[in-house]
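These protein sequence lines map, in sequence, to chains A and B. Those letters in the first sequence? Residues 153 to 354, per my numbering, in order. Those letters in the second sequence? Residues 313 to 596, per my numbering, in order. Where is the CB? At the ideal position from N, CA and C, for every residue including glycine.
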Amino acid sequence: MTAVFSHGRLRLYLLKLLADGPRHGYELIRQLEDRFLGLYAPSAGTIYPRLQRLEAEGLVTHTAAGGRKTYEITEAGRAELRDRAAEVTALESDIRTSVADLATLATEIQTEVRGSVRDLKRELREAARQTRRHRWESSRYVPPAPPPYEPQDLATELDRRLTAFAAEVAELVRGGDRSDAQLRSAIRALDLALDGLRRILR
Amino acid sequence: MGRWIVDRPQRLTIDEVVDRLEVRLVSGRLNVVGTDGPARVEVVQASRVPVVVEHRDGRLVLRHERTPRWPGVFWWLGQLGRRFRVDISLAVPPDVWADLRLVDGSVIASGLRSTTVVNVTSGQVTLMGLGGRTQAKLVNGPVEALGMSGDVSVETISGELVVADSSAERVRATTVSGAITCDLDNPRHSEIRLGTTSGSITVRVREDSDLSVHLHTTSGRITSAFPQLGASGSAGSKHSEGAIGSGEGRLWASTTSGSIALLARPVEDEDIDLQADGVCGDTP
Numbered sequence: 153m154t155a156v157f158s159h160g161r162l163r164l165y166l167l168k169l170l171a172d173g174p175r176h177g178y179e180l181i182r183q184l185e186d187r188f189l190g191l192y193a194p195s196a197g198t199i200y201p202r203l204q205r206l207e208a209e210g211l212v213t214h215t216a217a218g219g220r221k222t223y224e225i226t227e228a229g230r231a232e233l234r235d236r237a238a239e240v241t242a243l244e245s246d247i248r249t250s251v252a253d254l255a256t257l258a259t260e261i262q263t264e265v266r267g268s269v270r271d272l273k274r275e276l277r278e279a280a281r282q283t284r285r286h287r288w289e290s291s292r293y294v295p296p297a298p299p300p301y302e303p304q305d306l307a308t309e310l311d312r313r314l315t316a317f318a319a320e321v322a323e324l325v326r327g328g329d330r331s332d333a334q335l336r337s338a339i340r341a342l343d344l345a346l347d348g349l350r351r352i353l354r
Numbered sequence: 313m314g315r316w317i318v319d320r321p322q323r324l325t326i327d328e329v330v331d332r333l334e335v336r337l338v339s340g341r342l343n344v345v346g347t348d349g350p351a352r353v354e355v356v357q358a359s360r361v362p363v364v365v366e367h368r369d370g371r372l373v374l375r376h377e378r379t380p381r382w383p384g385v386f387w388w389l390g391q392l393g394r395r396f397r398v399d400i401s402l403a404v405p406p407d408v409w410a411d412l413r414l415v416d417g418s419v420i421a422s423g424l425r426s427t428t429v430v431n432v433t434s435g436q437v438t439l440m441g442l443g444g445r446t447q448a449k450l451v452n453g454p455v456e457a458l459g460m461s462g463d464v465s466v467e468t469i470s471g472e473l474v475v476a477d478s479s480a481e482r483v484r485a486t487t488v489s490g491a492i493t494c495d496l497d498n499p500r501h502s503e504i505r506l507g508t509t510s511g512s513i514t515v516r517v518r519e520d521s522d523l524s525v526h527l528h529t530t531s532g533r534i535t536s537a538f539p540q541l542g543a544s545g546s547a548g549s550k551h552s553e554g555a556i557g558s559g560e561g562r563l564w565a566s567t568t569s570g571s572i573a574l575l576a577r578p579v580e581d582e583d584i585d586l587q588a589d590g591v592c593g594d595t596p
């Protein structure tokens, strides 16, 4: 059985909710809660990072009014939704079944909790490491940083980086089977990077 | 009043009031969600020894007709555990008083708002969005709790304890050999007590907390993101104490050989937003 909000699906569902009109984060949480008859209420810590990621990908924008962020879907976001209409339909029917069936819901809750806990532990581990490093550096002599590497010929360096980049991406793609959603996101990331480069180099 | 003997997958709906739930089962999976509407019992997988569902005076009880007796229980678990293995889901009103006991297996509880007591000997406990008073106890196995509020107490001998995304006022977590991870959106006056013997403790509190802090470890390492805490220690043990903010609440963490990390949780505008909303936007 696949979890209702397995990898990437909550994100898709947020897009879908935003397609009905601009919302602020709290309204989105409330709507999800309603959809699940109050049995599932994602926390702010689950929703906001996903919204931020959507925003970074250019699929939503936000306007801040009265100290509160209202999120709105962009044209790119709508296009994404249209592309994945079949996935959205499947997701909605999964949500309906999961609410009717308590046992499935329990599995959802367990998966969701486990996923959040894993992410959180990673985040806290990183934060602890940062804190330790910071304390250590502020309390001890820090050797001067080596001078930044200054390549003689920047054009050659750019070429070299480009080749290394392509090689690494190809390696990543080869390294195991990837889901359609992952590949699609990867393609979008490439497009975004290309856009950025065009803007810089034009 | 009603009494059912369930020996195959079955769904029951109880239309009368349920304000107390008692579950005494041996093995398998138990799932309880608090939700409006009539109480429901879904037996997904029934054990060979039937489950008795009884409802009287608002009290809903699930148990086996006959349970294995100590000291035979481990033999039962090993040899014939499947005779008692169930997979049962319950939907009950959120304000129900719940007492859930299982010898071996997993308990998942969500959406309950009053008092929830979970006792598992060996297995795991998953809690989500519980309020009021919550107590989970295991001998062997982890507790993962998310979105908790109110008063939370989790305890295990060997297993990891996680309380995250929570705005609980009182948190108590004790384990002997597992790690404790707490990420709290702690309100003022909160009281947090964490203790392990050999596991590590990682606790993150709001950067604008008001807590008087006592961290203590015998042979571990203390990391703190709050520079206002003073450190002291000799070869024998290390302490770190001090006040964050006005020091009204209390945070106490102690380990023997594990490390302690106290981290600061940045307070975002969104959080404040959300709390303000919760106050005035809660009416349906």
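Chain A within 8 Å of residue i, Cβ atoms only
i	result
residue 473 of chain B	no
residue 437 of chain B	no
residue 340 of chain B	no
residue 600 of chain B	Summary: the structure shown does not reach residue 600 of chain B, with chain B confined to residues 313 through 596, and so no result is reported for it.
residue 327 of chain B	no
residue 527 of chain B	no
residue 569 of chain B	no
residue 319 of chain B	no
residue 434 of chain B	no
residue 365 of chain B	no
residue 422 of chain B	yes
residue 298 of chain B	Examination of residue 298 of chain B is not possible in this model, given that chain B is present from 313 through 596 alone.
residue 330 of chain B	no
residue 440 of chain B	yes
residue 356 of chain B	yes
Burial state of residue i, where buried means 16 or more other Cβ atoms lie within 10 Å
i	result
residue 176 of chain A	buried
residue 344 of chain A	exposed
residue 204 of chain A	exposed
residue 443 of chain B	buried
residue 313 of chain B	exposed
residue 295 of chain A	Low confidence applies here, because residue 295 of chain A scores a pLDDT of 49, under 50, leaving its location unreliable and the question unanswered by this model.
residue 266 of chain B	Residue coverage of chain B in this structure runs from 313 to 596, which leaves residue 266 of chain B outside it and unanswerable.
residue 341 of chain A	exposed
residue 475 of chain B	buried
residue 318 of chain B	buried
residue 354 of chain A	exposed
residue 483 of chain B	buried
residue 352 of chain A	exposed
residue 501 of chain B	exposed
residue 325 of chain B	exposed
residue 534 of chain B	buried
residue 332 of chain A	exposed
residue 320 of chain A	exposed
residue 246 of chain A	buried
Neighbour flag for residue i against chain B, beta carbons, 8 Å
i	result
residue 183 of chain A	no
residue 356 of chain A	Within the shown structure, residues of chain A are numbered from 153 to 354, placing residue 356 of chain A beyond reach of any answer.
residue 269 of chain A	yes
residue 321 of chain A	no
residue 283 of chain A	yes
residue 341 of chain A	no
residue 276 of chain A	yes
residue 280 of chain A	yes
residue 272 of chain A	yes
residue 292 of chain A	With a pLDDT of only 49 at residue 292 of chain A, under 50, the local geometry of the prediction cannot be trusted, and no value is derived from it.
Beta-carbon gap between residue i and residue j smaller than 8 Å
i	j	result
residue 201 of chain A	residue 181 of chain A	no
residue 480 of chain B	residue 463 of chain B	yes
residue 398 of chain B	residue 412 of chain B	no
residue 226 of chain A	residue 212 of chain A	yes
residue 400 of chain B	residue 439 of chain B	no
residue 410 of chain B	residue 365 of chain B	no
Cβ-Cβ separation, residue j to residue i (assumed contact under 8 Å), whole Å
i	j	result
residue 330 of chain B	residue 405 of chain B	6 Å
residue 342 of chain B	residue 414 of chain B	6 Å
residue 531 of chain B	residue 509 of chain B	So it is not a contact: roughly 11 Å between Cβ atoms.
residue 571 of chain B	residue 529 of chain B	7 Å
residue 518 of chain B	residue 562 of chain B	Not really, about 14 Å apart at Cβ, beyond 8 Å.
residue 403 of chain B	residue 351 of chain B	6 Å
residue 224 of chain A	residue 170 of chain A	7 Å
Interface residues of chain E facing residue i [CB-CB closer than 8 Å]
i	result
residue 195 of chain A	Looking at the structure shown, chain E is missing, and the protein chains on hand are A and B.
| Members of the stretch 400-417 of chain B that neighbour chain A once the beta carbon cut-off is set at 7 Å | Listed in sequence order: 401, 403.
| Given a limit of 9 Å on CB to CB distance, which residues of the stretch 201-213 of chain A reach chain B? | none
| Residues in the stretch 454-465 of chain B having any Cβ partner in chain A nearer than 9 Å | 456, 457, 458, 459
| query | Of all the residues that make up the stretch 254-268 of chain A, which are near chain B by a beta-carbon distance shorter than 8 Å? | reply | 254, 255, 257, 258, 261, 262, 264, 265, 266, 268
| Mind listing which residues of the stretch 490-504 of chain B have their C-beta closer than 8 Å to chain A's C-betas, in chain order? | 493, 495
| request: Could you please tell me which residues of the stretch 548-575 of chain B, in chain order, have their CB closer than 8 Å to any CB of chain A? | output: 573, 575
| Which residues, in order along the stretch 515-540 of chain B, keep a beta-carbon less than 7 Å from a beta-carbon of chain A? | Within the stretch 515-540 of chain B, the qualifying residues are 516, 535, 537.
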